[in-house]
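Participant:
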Amino acid sequence: EPMAGMTATEKAEMAGFVRAARDRHGVTIILIEHDIGVVMGLSDRVAVLDYGRKIADGTPAEVRADPTVIRAYIGTAEGGNSEDI
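Going by this note's numbering, 34 is the number at position 33 of the sequence shown; the sequence numbering is gapless.
Okay, structure coming up:
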């Protein structure tokens, strides 16, 4: 979790560094991170784990709309919005 404990400014700088390294070197970067906003903004593809089990894998838009992900991370209360992910 490279962004743990960072301020919003530090997270933005780190995300820029990761993005630049990926683009400059043309490599895949595996990132384990709990800041969903950072993950969705930085990733081309996202795998989501829940209690150590993969529950989704796809583009950020696909994962954000996945009912299993929504249930696991937002809950099932009415009024939930996948944009919260």
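Using N, Cα and C, we set each Cβ at its ideal position, and we do this for glycine too.
Please state the DSSP three-state secondary structure of V19.
Facilitator: Looking at V19 - three-state DSSP - the assignment turns out to be helix.
Participant: Look at the alpha carbon of A57 and the alpha carbon of D45, and state the distance between them as a whole number of angstroms.
Facilitator: 14 Å
Participant: Hey, out of H26, K12, G42, G53, whose CA is closest to T60's CA?
Facilitator: G42
Participant: Nearest to E2 by CA position, among D51, V39, V64, Y52, is which residue?
Facilitator: Relative to E2, the option among D51, V39, V64, Y52 whose CA is nearest is V39.
Participant: Here's the rule I'm using: 16 or more other beta-carbon atoms within 10 Å means buried, otherwise exposed. How should D24 be labelled?
Facilitator: exposed
Participant: By how many angstroms is the C-alpha of A21 removed from the C-alpha of V28?
Facilitator: 10 Å
Participant: Would you tell me roughly how many angstroms separate the C-alpha atoms of I71 and M4, rounded to the nearest one?
Facilitator: 23 Å
Participant: Would you kindly work out how many angstroms separate the C-alpha atoms of T77 and G6, rounded to a whole number?
Facilitator: Spanning the alpha carbons of T77 and G6 requires a straight line of approximately 29 Å.
Participant: Which residues share a DSSP beta bridge with G59?
Facilitator: Looking at the DSSP output, G59 shares a beta bridge with V47.
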